[in-house]
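J.:
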Amino acid sequence: MSFSFAQVALISFMYVAMVFGIAYSTERNWIPDKVTTHPITYILSLGIFASAWAFYGVIELADRFGYGALAYYIGTGLLFLFGGFALRPLVELAKRFQINSMADLLVFRYHSHLVGALVTLLMLLAMLPLIALQIQAVADTMMLLIKGQEQKTQIGQLGMQQSLGLVYCLGIAVFAVLFGANREHHKGLINAMAFESLIKLLALLIVGGYVVSVGFGGLSGLDDWLSNNPHHALALYTASDGATAHTLMLVFIATAVSMPHIFHMTVVENPVRQSSSLASWAFPLFLLLMALPIFPILWGGYHLSLDIPAQYFPLAIPLANGNPLIAILAYIGGLSAATGALVAMTLALTTMILNQWILPSNALKTKRDLYRQLIWMRRGLITFIVLVGFAFYLLLNNQFTLTQLALTAFIGTLQLLPSVLGVTHWPKINRRGLVAGVAAGGGTWFVALFVPLILGQHHWSTTIGPIHIITGVDAWQDITLWSLGINALACLIVSRLTRQSDDERYSAELCSQDELSHPVRLTLDIRSPDEIIDRLSTRIGASTAKAEVERALHRLNIKPNENRPFALRRLRDELEANLSSLMGIAMASDIIDRLVPYKVPEAHDAPDINLIESRLVVVRDQLTGLAAELNNLRLYHRKTLEQLPLPTCSIGQDLEILMWNSAMTKLTGIERDEVTGSHIKDIRAPWGSLLHRFSNSSEHRFYKRQIELNQRPHWITLHKASIPSSLSQQSDGQVIILEDVTELQLLEQELLHSERLASVGRLAAGVAHEIGNPVTGIACLAQNMRYDTEDPEVLECIEHILSQTDRVSRIVQTLVSFSHAGQQTSDHMHSVSLRDCAQEAISLLSLQQEKHQVNFVNEVPESLSVYADSQRLIQVFVNLLSNSRDASPLFGDVIVAGSSNPQHTTITVTDFGSGIPQELQDRIFEPFFTTKEPGEGTGLGLAMVYSIIEDHKGGLDIESPAHQDTTNGTRFIITLPNQNQVDEQGSSSPNSTQSS
């Protein structure tokens, strides 16, 4: 049974079109995100590991090695199963530093461009046989389908099989260019690879099920056939060429770590963080399902006595049985396996060649769009790699089986195993050791396997003196052990004999599993993101620099005007990571290190507390045992400092803010996130200058330093202590504690003011006697003169004299009485005329000629009286009238009125000023709260009024605006109990009339 060329072409075209459609639909967001971002999609995309060799070639592997073929699945499955040890550190490292290729990872770890170039060369050579394998598998299976029509189609001098391979390669190149050349995450590519993995898994399972059910008549029929042909069952326990499964296991375990396309899909195209833990068991399950049909298909081919290579049994069995549907499904399964692997290998190699060879050796044109330049470079490289792979396929000319090509490629990539292990688990390896190991091991592989492959030699032997050397793919087991042994030995010896550079040691510590091992706080000589843009513009162009900085700012949620050192350090590291994903870590590090370099502090290395904190937040769910306990202890102490009621901050030796607790935020109004990581003098006024001056001072306390907050004076006392360092005679920074002593300062000022008033009162009392005697004498003489004359003019003068002496007496008596206010007890409680109290207060305020004048209107009825302390009520009126005068316009009215009912007497003081805002009315009775200018008031007047009225069992309220028609003015309303109410309250509370 065979198909026509047109039928095969149509089937291939329809399948490829379907893959294109899935990728295009994903890029257009026509497929829901819950499908494209689901972890299962990512797990299936890892199925590119199972290339055309896993679909076809593993049948030949089972034929040659029996159960040893399972090493392919077991080795990779174990690696993912224990991925927490082997893969997760690499994945997290690559994600954190935006590393997008195996070469970039090794460049980052070993800090050498030579390493990247050498690794890229080795991977390109090792991948060529694997690329040729995919092309050969597709071309061979096409020829199986159209057997007997070989002469109908060809391109130029190429035969039909080669022509089909060329068309297939061009299709792959177009697909990779369309969906893999851009910088962004390739959602369409992942979905297409996942779809292809699902297709090849289903195809292989269906073919296996078809062989068992149709070829053997079920599982019982398979058992009977094996019983009748025991040599086939026994062959599973021995390898045909004497090779051991242990070597296969080593090769296949290393494959999943060092294969560039596996690294590309595992790390670079990983869209979901939580999928790593799922992959640890789901991908081994995928491999198990792929392995199930292998031996039934092999036995099915034996059962039919097929005369074609065992590697193509999955397609040959349904063709031999005349089942076109299963044959087409098997062909599509193999096509999908080859396509997914070939696309992933092409993209991985493209990234490595671009980042390690082309960009370091060619200056980018800064006046042109950098992104567009890179996209066209990738497109050209993709096409070039596919065509080079096709040329290599033509060079080999189908002289090797799929297994031989696969083993050659796998052994080549195996030479990276010591280097990859050195990334996270072997920190003492240095760049010289890596170069020596890769050169020795890779050179051995190149001479012993790759060169014979090019020459078409399966077995090539030579004698050097007494040593007989066998090379070629038939000796793959010995070559594997020798090349890897030489590699590891050279790497160890050279690393032992040479020293790591400081850059290597720093990178090794960053790559170690303890990612907090080097938390040194370095410094930058930049002050803003705009400065970074200006510097980067010289290398990558102004538009690209601006776009990359804005991208990093958005990712970190940092403001464009940010100037905190810690934030700028984070921005610099994020930029380096972003540029690494764009052009490789070698170029990115070179650009960033040259244009935005770190400066090593002159003092000893200071720990970067903010870096430690941010990393611990990320990994806290992964901490276990003692590490988790220590982290809980850290959190407890940090929360203690955060909730400390005293404003506290800590600063590093370089005066960078490390901690800023909630009390500090409440005092300063500056949020923790806004100030953490800032230089102390960059904090907004007045705190920056005050803290900077104090931190640089030799004094351990600043006592009552006056600052202006909200246009009002505040007094702050500062204390500090040094944080001792683990190094002798040094400190890691300071802890500063602030005390807001404003209330204490104002109380002290009020106490001094009260003392001065008391002194004035005592002086007034003494002066009153001295003034009173002469005034009394003058008054007596004037009265006597009134009886000694009849002259009207003289009598008028005498009346003026008596009036003025009476005024002097009243003024002196009022001053003496007011100076005694606040000293009264319950003995001073008596019936008081409210009109007289208000009038006396008005008289006192009238003496203040320096104040702007208003018209005091006393409308209190003369009959209105209460049981109270007259001097303290005068004090109330003085404060209320003084406030009303200050709030009133010039020559405005201030009205005092009163009324009474059987229970209470009400007095109101009303002005026509601007009024008091609603949001301030609840606070005006608080001590030290004032709306006056600094120096104009203490904020204690209304608090004292409230206290006096409360002592009289009354109430004080405010109404503003007082005049609804003009919406201005303020009215204070005093409510005092009448005499009978006071008596009732006094009987129930004997001490209620005593002032506090």
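In the numbering used here, the protein residues as written are 8 to 1003.
Here a beta-carbon is modelled for each residue, glycine too, at the ideal position from N, C-alpha and C.
1) When you compare the CB positions of L578 and I565, do they come within less than 8 Å of one another, or not?
2) In terms of alpha-carbon separation, which member of Q422, P331 and F397 lies closest to A133?
3) Distance, Cα to Cα, Q790 vs T796?
4) What does the Cβ neighbour count give for I931, buried or exposed, with the cut at 16 atoms within 10 Å?
5) Around the Cβ of R439, are there at least 16 other Cβ atoms within 10 angstroms (buried) or fewer (exposed)?
6) Rounded to whole angstroms, what's the CA-CA distance from Y74 to P237? Just pull it up for me.
7) Between R116 and the rest of its own chain, which residues show a CB-CB distance below 6 Å, the 5 nearest in sequence each way excluded?
8) Near F1004, what residues of its chain come up, given a Cβ to Cβ distance below 7 Å and the 5 sequence neighbours on each side ignored?
9) Excluding five sequence neighbours on each side, which residues of the same chain lie with their C-beta closer than 6 Å to the C-beta of Q156?
10) Within 10 angstroms of the Cβ of N494, are there 16 or more other Cβ atoms? Answer buried if so, exposed if not.
11) Does chain D have any CB closer than 8 Å to the CB of D680?
12) Check whether the Cβ atoms of F407 and A69 sit closer than 8 Å, and answer yes or no.
13) Can you name the start and end residues of the beta strand (DSSP E) that Y710 belongs to?
14) Can you list, in chain order, the residues of its chain whose CB lies under 6 Å from that of S544, leaving out five sequence neighbours each side?
15) Which runs of the beta strand (DSSP E) fall wholly inside the segment 625-676 and span at least 3 residues, in chain order?
16) Let me know the secondary structure DSSP gives R438 once reduced to three states.
17) Residues in its own chain within less than 8 Å of A30 by CB, not counting five upstream and five downstream?
18) Could you tell me whether the Cβ atoms of Q660 and D739 are closer together than 8 Å?
19) Can you tell me whether W232 is helix, strand or coil according to DSSP?
20) How long is the line joining the alpha carbons of S869 and P720, rounded to whole angstroms?
21) Quick one: give me the first and last residue of the beta strand (DSSP E) that N862 is part of.
22) Excluding the 5 residues flanking S995 on each side, which residues of the same chain have their C-beta closer than 7 Å to its C-beta?
23) E806: buried (16+ other C-beta within 10 angstroms of its C-beta) or exposed?
24) Once you ignore the five residues that flank S872 on each side, which residues in its own chain have a CB closer than 7 Å to its CB?
25) From E755 to M666, what distance separates their C-alpha atoms?
26) Have a look at the DSSP bridge pairing and note the partners of N1059.
27) Check R691 in the structure and name its three-state DSSP category.
28) Buried or exposed for L504, going by 16 or more other Cβ atoms inside 10 Å?
29) Hey, is the segment 580-598 in contact with the segment 96-106, meaning 3+ C-beta pairs nearer than 8 Å?
30) Cutting at 7 Å between CB atoms, please list the residues of its own chain near V15, excluding the five before and the five after it.
31) Tell me, which residues are paired with Y874 by DSSP?
32) Can you find the residues in the same chain that come closer than 7 Å, C-beta to C-beta, to Y22, ignoring five residues on each side of it along the sequence?
33) Check whether the segment 592-601 touches the segment 569-578, taking contact to mean three or more Cβ pairs, one atom from each stretch, closer than 8 Å.
34) For V903 versus A845, is the C-beta spacing smaller than 8 Å?
35) Could you pull the DSSP bridge partners for P720 from this structure?
36) Taking the alpha-carbon of A298 as reference, which of V65, F27, E620 and G899 has the nearest alpha-carbon?
T.: The short version:
1) As a working mapping, residue 578 is identified with position 571 in the sequence shown. As a working mapping, residue 565 is identified with position 558 in the sequence shown. In this structure, I565 lies closer than 8 Å to L578 by Cβ.
2) Residue numbering aside, residue 133 sits at position 126 when the sequence shown is read from its first letter. Measuring from the Cα of A133, the nearest candidate turns out to be Q422.
3) Walking along the sequence shown from the start, residue 790 turns up at place 783. Walking along the sequence shown from the start, residue 796 turns up at place 789. Distance between the alpha carbons of Q790 and T796 is about 11 Å.
4) For the purposes of this step, residue 931 is identified with residue 924 of the sequence shown, where counting begins at 1. The residue in question, I931, is buried, as its Cβ has 16 or more Cβ neighbours within 10 Å.
5) Here residue 439 refers to the residue found at position 432 of the sequence shown. That one is buried.
6) Here the question's residue 74 lines up with position 67 in the sequence shown. Here the question's residue 237 lines up with position 230 in the sequence shown. Spanning the two alpha carbons is a distance of roughly 15 Å.
7) Counted from its first residue, the sequence shown places residue 116 at position 109. Counting only Cβ-Cβ distances below 6 Å, and skipping sequence neighbours, we find V430, S514 and C518.
8) The structure shown has nothing for residue 1004, since the chain only spans 8 to 1003.
9) Working through the sequence shown from its first residue, we reach residue 156 at position 149. Residue placement at Q156 is flagged as unreliable, the pLDDT there being 49, under the threshold of 50; the coordinate-derived value follows with that caveat. Cβ neighbours of Q156 beyond the five flanking positions: F12.
10) On the sequence shown, position 487 is the one that residue 494 refers to. N494 is buried by the Cβ-count criterion.
11) The structure shown contains no chain D; it is built from a single protein chain.
12) For the purposes of this step, residue 407 is taken as residue 400 along the sequence shown, with counting starting at 1. For the purposes of this step, residue 69 is taken as residue 62 along the sequence shown, with counting starting at 1. Not in contact: F407 and A69 (Cβ atoms no closer than 8 Å).
13) The residue labelled residue 710 in the question sits at position 703 within the sequence shown. Residues R708 to L716.
14) If you number the sequence shown from 1, residue 544 lands on position 537. Around S544: A552.
15) 655-659 and 664-667
16) For the purposes of this step, residue 438 is identified with residue 431 of the sequence shown, where counting begins at 1. Reduced to three states, the DSSP call for R438 is helix.
17) What you label residue 30 is simply residue 23 of the sequence shown in a count that begins at 1. Excluding residues within five positions, the ones whose Cβ falls inside 8 Å are F182, L185, F186, G195, L196, N198 and A199.
18) Counting from 1 along the sequence shown, the entry for residue 660 is found at position 653. Counting from 1 along the sequence shown, the entry for residue 739 is found at position 732. Yes; because the gap between Cβ atoms is below 8 Å, this pair is in contact.
19) Stepping through the sequence shown from its first residue, residue 232 is reached at position 225. Correct three-state label for W232: helix.
20) Looking up residue 869 in the sequence shown gives position 862. Looking up residue 720 in the sequence shown gives position 713. One detail in the question is off: residue 869 reads as Glu in this sequence, not Ser. Their backbone Cα atoms lie some 44 Å apart in a straight line.
21) Counting from one through the sequence shown, the residue named residue 862 turns up at place 855. Note, N862: beta strand (DSSP E), N862 to E866.
22) Stepping through the sequence shown from its first residue, residue 995 is reached at position 988. Note that S995 scores 45 on pLDDT, short of 50, meaning its location in the model is unreliable and no value can be drawn from it.
23) Taking the first residue of the sequence shown as position 1, residue 806 is located at position 799. That one is exposed.
24) Taking the first residue of the sequence shown as 1, we reach residue 872 at position 865. The answer, listed in chain order, is S838, V839, S840 and L841.
25) Stepping through the sequence shown from its first residue, residue 755 is reached at position 748. Stepping through the sequence shown from its first residue, residue 666 is reached at position 659. Distance between the alpha carbons of E755 and M666: 33 Å.
26) Shown here, the chain extends from 8 to 1003; a query on residue 1059 therefore has no answer.
27) Here residue 691 refers to the residue found at position 684 of the sequence shown. Note: R691 maps to coil in three-state DSSP.
28) Position 497 of the sequence shown, counted from the first residue, corresponds to residue 504. L504 is exposed by the Cβ-count criterion.
29) yes
30) Here the question's residue 15 lines up with position 8 in the sequence shown. Around V15: M149, L152 and I153.
31) The count along the sequence shown starts at 1 and reaches residue 874 at position 867. According to DSSP, Y874 bridges with S838.
32) By 1-based counting over the sequence shown, the position of residue 22 is 15. These residues qualify, in order along the chain: I339 and L342.
33) no
34) Along the sequence shown, read from residue 1 onward, the residue named residue 903 stands at position 896. Along the sequence shown, read from residue 1 onward, the residue named residue 845 stands at position 838. Yes, the pair counts as a contact, with Cβ atoms nearer than the cut-off.
35) For this step, residue 720 is matched to residue 713 along the sequence shown. E715, per the DSSP bridge assignment.
36) To locate residue 298, count along the sequence shown from 1; it is residue 291. Looking at the Cα atoms, V65 is the closest of the given residues.
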